[in-house]
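In what follows, a structure is listed as structure tokens, so that the remarks can point back to it.
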Amino acid sequence: MEPMFIKLNYDPFFNGDELRATFVIGDVLNPAANIQSILGTMDIIDISSVLHLLTRDEQLQLARQLVEFSRPQRNSKIVERQVCTREAGELPRSGQDGSTAYQRD
18 MEPMFIKLNY
28 DPFFNGDELR
38 ATFVIGDVLN
48 PAANIQSILG
58 TMDIIDISSV
68 LHLLTRDEQL
78 QLARQLVEFS
88 RPQRNSKIVE
98 RQVCTREAGE
108 LPRSGQDGST
118 AYQRD
């Protein structure tokens, strides 16, 4: 995601002096990504509408990574919502060449 998109969404809806949040852009599924600086630093992670876009293995990999991002304290939270289907399984992604995404029931 381009930083300008964060700024475009941030400015109309939030007062920068009041929202104490840090937006992070990166590829958490890439083990070579430079993410060491944020490990164990996040109180709340909102990953809404993302997991259903990934394969089951990628979902599990991402879930483990999100736990590592979380601050090691009792009240840390990971928030997610996703699209579900009647029957769970790997489904074809629309517009993609034979790739699949795992959707839960």
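So the sequence shown is numbered by the numbering used here: it starts at 18 and just counts up by one. Just so it is clear, CB atoms sit at the ideal spot from N, CA and C, and this is done for glycine as well. What you are looking at is a predicted structure, and each value in this text was computed from that prediction instead of being measured.
With a Cβ-Cβ cutoff of 9 Å, do residue i and residue j count as a contact?
i, j, result
"Ile42", "Phe86", "no"
"Arg88", "Thr58", "yes"
"Leu79", "Val67", "yes"
"Glu97", "Ser65", "yes"
"Leu71", "Ala118", "yes"
Straight-line CA distance for residue i to residue j?
i, j, result
"Val45", "His69", "16 Å"
"Arg110", "Glu104", "16 Å"
I'd like to confirm something about residue i: is its beta-carbon nearer than 8 Å to some heavy atom of the ligand COA, or not?
i, result
"Pro89", "With respect to the ligand COA, the structure offers nothing, as it holds no ligand at all."
Where does residue i fall in DSSP's three states?
i, result
"Asp63", "strand"
"Glu97", "coil"
"Glu104", "coil"
"Gln53", "helix"
"Gln90", "coil"
Thinking residue i and residue j are a contact (beta carbons under 8 Å), I'd like their distance in whole angstroms, please.
i, j, result
"Ile95", "Ile62", "5 Å"
"Arg81", "Cys101", "Not confirmed; about 21 Å, so no contact."
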